[in-house]
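So the sequence shown is numbered by UniProt numbering: it starts at 1 and just counts up by one. Backbone N, C-alpha and C define an ideal beta-carbon position, used for all residues, glycine too. The structure presented is a predicted model; accordingly, all values stated were derived computationally and were not measured. Some notes on the structure that comes next.
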Amino acid sequence: MSGIHEFIDNEVKANDVVLFMKGTPQFPQCGFSGQVVQILDYLGLDYKGVNVLSDQEIREGIKQYSNWPTIPQLYVKGEFVGGCDIVREMFQSGELQNHLQENGISVRGAA
């Protein structure tokens, strides 16, 4: 396993919720990353943002790690959830909130 793969694997497993994104949660640098940040912030989640723009190796490595071609990528409890469209659809249907709660992650405004 390469160093970058280990780094990604560790981030994904060490944090309950991780968003690999362009920019940071405070300053998203693409609209898709920004949308996912808005959803996570709305849900009041404590999550870690990893800026793929700061390191080309991470940017390429995360795509191989998940076998998913686009950024952002959301992970919950070590499991790949999806990119912007999937996260948005899951959020709108309530599925994302359920998924988080099933994994023991409290969500603001949940029933």
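Can you tell which of the options has the C-alpha that lies nearest to the C-alpha of residue i?
i: Lys22; options: Ile8, Val36, Gly82, Val52; result: Val52
i: Gln38; options: Glu11, Cys84, Glu6, Gly61; result: Cys84
Check the C-beta distance from residue i over to residue j and give it rounded, since I have them as a contact under 8 angstroms.
i: Pro25; j: Gly44; result: That belief does not hold up - the Cβ atoms of Pro25 and Gly44 are roughly 13 angstroms apart, past 8 angstroms.
i: Asp16; j: Ile105; result: 6 angstroms
i: Phe20; j: Ile62; result: 5 angstroms
i: Pro72; j: Phe32; result: 6 angstroms
i: Tyr75; j: Val12; result: 5 angstroms
i: Val18; j: Tyr47; result: 7 angstroms
Please state the DSSP three-state secondary structure of residue i.
i: Asn103; result: coil
i: Ser93; result: helix
- Starting from the N-terminal side, write out each stretch of the beta strand (DSSP E) that is 3 residues or longer and does not extend beyond the region 15-87. 17-21, 48-51, 73-76, 79-82
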